[in-house]
Structure formats: structure tokens, C-alpha cells
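Worksheet: the structure to be examined is printed underneath.
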Amino acid sequence: SGTVTWSDALFAAGADSAASVPHGIVQGETLQAAGNKPSIPWADTIIYELNVRGYTMLHPAVPEADRGRFRGLSNAQVLEYLKALGITAVELLPVHYFLDEQFLAQRGLRNYWGYNTLNFFAPANRLLGGDDVGEFREMVNAIHDAGLEVILDVVYNHTAEGGKAGPTLSFRGIDNLSYYRTLPAAPGEYVNDTGCGNMLDADHPRVQDLICDSLCYWSNAMGVDGFRFDLATVLGRRMDGFDPAHPLLERIGSEPQLQNAKLIAEPWDIGPGGYQLGQFSGRWSEWNDQYRDSLRRFWRGDAGEMPQFARRLHGSADIFEASGRAPHASINFVTSHDGFTLNDLVSYEQRHNQANGEENRDGHTHNLGANYGVEGPTDNAEINALRRRQRLNMIATLLLSQGTPMLLAGDEFGNSQDGNNNAYAQDNAIGWLNWDNADDDRDFTDAVRKLLCLRRNTDLIGNSDYRHGNDKNAAGRYDIEWLSPQGHALTEEQWLNGNVLMMLLTEMDDGVAFLFNATERDTDFELPAISNGGAWACEFSSTAIAATSTTTWRLPQRSCAYFCFQAPFTR
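Throughout, the numbering used here is defined as the position within the sequence shown, counted from one, plus 115.
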């Protein structure tokens, strides 16, 4: 309860800082074990990443008193929207008790994302109406009643105490050398593989207890269905580097109270050998930044990207299959909280982070965005139409790829952060979702809903095994084929220098074709003949397409389409 009041007492050894820090409240009653969890299989999971505060602050259906709080996300109209959209899980940015860094307070800013944890068992009181942690559980129950799961973004890699010059708030005062990893020859110096000043020591048994007890509490007492681990490599980091068989990772994966929890790793940190995509094993799924970057490059029109693009469409078997994991191990995304929104990705080529107070030096420079001729908003109708189509191309590709898709909240209606690609400190209109924009292009949101419906109703997309096209099936075709627009197997030249592709998936009398045209010219696609006399049906296209014969369709420049040869799906 309460928050930090920055004072000299927090930085002076032996000083009485009681008046400057939040105090822990031990509640007498323990919440009962969670029930009514939806338990959605991984193969059917579609994740929607959101910030509790930003999602509800400007929502017209949420009462003023509930905006920016857990109760706002419990709102019936909010949940109705999420359910109707077609996602299966909400992934909440950190909700453990976190602090605003001193330098942000001095600038008049706040920590908006929440990656600055002080307590791993208490919900952030800025998201509560009072001191009743039951508000969080009530939100979880309401989300479960809507048939959706709750995944928490958790930060067990560092704490709010910062580096050597940081404040003493908790663990540093209790047992500094047990909780934090320090240099062996200089115990007063912190190892900083997180970039946040300190890192928890995953080798210490008390740190392992702390993390596992916290996970079990949120899963059992608070009802959470899964966890996304920020900088998860820290949890497997020894002094000499990352160990995929680290006891802490093994313990999390085998903990009986977490046996049904979804486990998602952000598989990198800035330490030596910190990039570990594909190296987690067993039950773990992982954020796949290679998917993100390849999709951005392909639809931007970068030369030579098509082989990489195909691997990502395929569920990144080259990364995950060797460890025995299924396609769902790849968490596919085009955008996330960290970086441009989808709207900004097609509107800006440079970051515009001046509002962060760091002279625009913070945030990614490797954005792979395109503005199509104008940096930022424009009245040019042709540019706006192309930007809209590119947004739809990327969302369609994401939702129709093998693997587990993750949408960033607001991308379904074109939310913008005015080009800020590091809005961690923008607890204001820059970071909050502008729900007024949701009415500007309802057709776009409807198209996203349709794509989500197609994914749910197409078993060939959510397949639990990788397809490799090694043997012909009963339909006389390989289960997966990569074809040229003419319907032939791609030549090496077409693979290396093309930006047009047809992916065909078949199984018995079921089949789908995905057509991608990332060039600046219209392209005719010849769909394969169907032996049973059926006809191809176009279920989705990112823009109007035309049939030039019974099996040939012309896709305009920078567009995609999805076909099936079953009866159209019931909406």
C-alpha cells in the first residue's frame, strides 16, 4: 500500500526510510483455489497483448471510477468486444507491484509498461480501487466467464532497486548477495545482463523459491492461466552463460501447481550469449522475433526475403522442431508493446520519441517500417489506401500462419502512438488506446474478425504437427507445397529473387491456398485443379481481386488472398 517518495534516506546506508516506502499488508484470508479455467489447447490459442491501464482509460463504456483499473477490464462491454473479436487469451503487461523510476518522476513521467517490479506477490495498487486484491481475482473470473484465458507478463529478471547507486527498497536490504548476481571479484558491483542495473541470481535456491512460490500463487490463488517471462534467459543464466537445463527452468516446467499453465519465454537478454531463440524446451513456447522481422521485410518488398518468409509461415520448424516441439512453440507477432503499433509501422520510418525526454535517443532504430512517401499522417488517399492494405496483409499473414499468433491491442482498428516506438513512460494519450478511432474504419475490424474466424474453423492452419511435403496424400498432392503463381514448384531463381508465393495445404478432401503478392505489379495466380470436381472459393482477400478464368485470379500489387475448396465457412 502506498508508493515511494524519493528521498535521501532511500540511498543512505543505515537511514530510516520507513516514511518514504510502500508498506506490505498481510491479509488474514487466503483466496480459494481458482476454478472455471477455460483450458484452451495450445493449437487453438490466439493471444491479445494489452495494458490494463491503457486499454481502459479512454474506453467509453467503462465508468470513470473503473478506468485504468482491473475493474475496467471486467466491464461487460469490454469483454463482449474481446469475445466477439475472436481471440482466446489476453496477455496483460506487468501487474505485479511496480515503481516509477526516480528519473521518470523528475521528468513528470510515470512507468506505464510496468517492467520495474518491487513485489512479486502483490498486484499493482495503481490498478486497484483500494487495497482489496480480490479485485484482480474478480477480473480473472469475469474474463474466464467470457471463455478467455489470462496470461501475465512477469518480470523475474531484475527488480526496482536498480544498480549500485540505486535505492534500498527490499531485497538489497534483506540479503543483497543472495538475491542479486554480483561480480565474483567485486561483490559491490552488479552483473547487469538485463540493462536495468541488476539481475536476480537464478542459481540461488532462495531466488528459485521466490519465483516458483510467486508463480504458484498467481496460478492457484489468483486464477492466472499462463505466464510470459520477460528476458527469460536470465532464469537460465549461470555465470558462464545460458543453460537450457538450468534447475530453475526445470523446476518451473515440472512444478505440479503449474502443470496446466502456459509458459512463454522472451528468449533473449543483453548478456553474453543472450540470444537463445529455440533453445528452451519441453513445455515452453517462445516469442519469435525472426517471424516479426521477416514479415516486415517481405511486405516491405525487401529482395531475397522469400525463403525466410516461407520458413516463418511454416511455423519455424527450423527453429523449434529439433527440440521435439510443435508449431505452437512459435509465438508469432508483427507488433508488440515494445515498438511501433501496426498503424505506425506503415506510417513512419523513424522513431519519434521526443516525449520520453531522452532527446529521441531511446527505442529501436531497427524498425523495418515504411511510410510510403510521407512520414506520419497524410491526406493522400492513395498512400492511406496502401497503408491500410499493408496492415491487413500483415494481420492476415499472422493469423493464417502455422504457430501461435499474438495481436497487439488496438492494431485491429489502427491505433497509433504518433510514431513513438518506446512508449514505456507515456501513461497518457500517447500510450492509451484511442477508442474514438475504432469507429473510423469498422470494415477493417470486421476483416480481422473474419480472419480470426477462418483460423478457428480451419484445422489445416492450427495443425499440431509440422508438414514437410515428403509424401503424397490421398488427394494426390503433398501435404504442403510451395508454388509459383503458375502453380508449379518454385525454382531456385524464383525463391531467391521473387516476392510472390502460393502456399498450398491439403489433407484428404480438405485444402487451402494462401496467395501472397508483395510486388508492385498485379500478378495472376493459377490455382491447382481439384480432382473431385469442386471449385476454389475465395474466403478472404486484402483488396478486391478478379477471376480471369475458373482457376486463375489476379491479385493487385501488395495484396494477399486465402482460398479453400470446401463449402464456405459458416460465419
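Note that beta-carbon positions come from the ideal geometry of N, C-alpha and C, so glycine has one too. Computed from a prediction, not measured in an experiment: that's the story for all the values here.
Same chain only: Cβ atoms within 6 Å of residue i, ignoring 5 sequence neighbours per side
| i | result |
| --- | --- |
| residue 501 | 487 |
| residue 613 | 421 |
| residue 312 | 277, 278, 281 |
| residue 658 | 504, 671, 674 |
| residue 518 | 430, 442, 445, 447 |
| residue 122 | 135 |
| residue 684 | Model confidence at residue 684 stands at a pLDDT of 38, short of 50, so the residue's coordinates are unreliable and nothing is read from them. |
| residue 475 | 468, 469 |
| residue 215 | 225, 226 |
| residue 632 | 615, 638, 670, 674 |
Host alpha helix (DSSP H) of residue i (start-end)
| i | result |
| --- | --- |
| residue 362 | 362 to 369 |
| residue 198 | 191 to 200 |
| residue 593 | Run containing residue 593: none; DSSP gives neither H nor E here. |
| residue 249 | 249 to 260 |
| residue 334 | Here residue 334 belongs to no alpha helix (DSSP H), and DSSP marks it neither H nor E. |
| residue 373 | Unbroken run through residue 373: none, as it is neither H nor E. |
| residue 268 | Where residue 268 is concerned, there is no enclosing alpha helix (DSSP H), although the beta strand (DSSP E) it sits in stretches over 264 to 269. |
| residue 294 | 286 to 294 |
| residue 612 | 607 to 612 |
| residue 497 | 496 to 514 |
| residue 217 | 217 to 222 |
| residue 274 | Where residue 274 is concerned, there is no enclosing alpha helix (DSSP H), given that its DSSP letter is neither H nor E. |
| residue 311 | Run containing residue 311: none; DSSP gives neither H nor E here. |
| residue 561 | 557 to 571 |
Beta strand (DSSP E) segment containing residue i, residue limits
| i | result |
| --- | --- |
| residue 639 | 638 to 641 |
| residue 414 | Segment 404 to 415 is the alpha helix (DSSP H) holding residue 414; no beta strand (DSSP E) there. |
| residue 187 | From DSSP, residue 187 is part of no beta strand (DSSP E) but of the alpha helix (DSSP H) over 185 to 188. |
| residue 302 | 301 to 305 |
| residue 649 | Where residue 649 is concerned, there is no enclosing beta strand (DSSP E), given that its DSSP letter is neither H nor E. |
| residue 668 | 667 to 670 |
| residue 520 | 519 to 523 |
| residue 625 | 625 to 632 |
| residue 238 | 232 to 238 |
| residue 341 | 341 to 344 |
| residue 213 | 211 to 213 |
| residue 618 | 615 to 622 |
| residue 204 | 204 to 207 |
| residue 718 | In the structure displayed, the chain extends from 116 to 686; residue 718 sits before or after that span and is not available. |
| residue 162 | 162 to 165 |
| residue 447 | 445 to 447 |
8 Å Cβ cutoff met for residue i and residue j
| i | j | result |
| --- | --- | --- |
| residue 372 | residue 334 | yes |
| residue 253 | residue 343 | no |
| residue 580 | residue 534 | no |
| residue 380 | residue 432 | no |
| residue 569 | residue 655 | yes |
| residue 164 | residue 524 | yes |
| residue 384 | residue 283 | no |
| residue 415 | residue 483 | yes |
| residue 516 | residue 630 | no |
| residue 528 | residue 560 | yes |
| residue 537 | residue 478 | yes |
Local Cβ density within 10 Å of residue i, reported as buried at 16 or more and exposed below that
| i | result |
| --- | --- |
| residue 268 | buried |
| residue 608 | exposed |
| residue 617 | buried |
| residue 377 | buried |
| residue 83 | Here the chain comprises residues numbered 116 to 686, so residue 83 is not present and cannot be evaluated. |
| residue 304 | exposed |
| residue 179 | exposed |
| residue 450 | buried |
| residue 686 | Its pLDDT being 29, under 50, residue 686 is placed unreliably in this model, and the coordinates cannot settle the point. |
| residue 682 | With a pLDDT of 44 at residue 682, under the threshold of 50, the predicted position of this residue should be treated as unreliable, though the coordinate-derived value follows. Exposed, since its Cβ has fewer than 16 Cβ neighbours within 10 Å. |
| residue 434 | buried |
| residue 481 | exposed |
| residue 557 | exposed |
Chain-order list of residues whose beta-carbon lies under 7 Å from that of residue i (same chain, five-residue window excluded)
| i | result |
| --- | --- |
| residue 329 | 235, 236 |
| residue 358 | 351 |
| residue 417 | none |
| residue 100 | Absent from the model: residue 100. The displayed extent of the chain is 116 to 686, so no value can be given. |
| residue 489 | 495, 498 |
| residue 575 | 620, 622, 625, 627 |
| residue 231 | 213, 214, 216, 275 |
| residue 364 | 350, 351 |
Cutoff 8 Å; reference residue i; Cβ partners in own chain excluding five residues on either side
| i | result |
| --- | --- |
| residue 332 | 236 |
Check whether the region 237 to 256 touches the region 181 to 191, taking contact to mean three or more Cβ pairs, one atom from each stretch, closer than 8 Å. yes
Three or more C-beta pairs closer than 8 Å, one from the region 396 to 412 and one from the region 583 to 601: is that the case here? no
Determine contact between the region 255 to 263 and the region 187 to 203, defined as no fewer than three beta-carbon pairs at a distance below 8 Å. yes
Answer yes if the region 127 to 141 comes into contact with the region 153 to 172, meaning at least three C-beta pairs across the two stretches below 8 Å, and no otherwise. no
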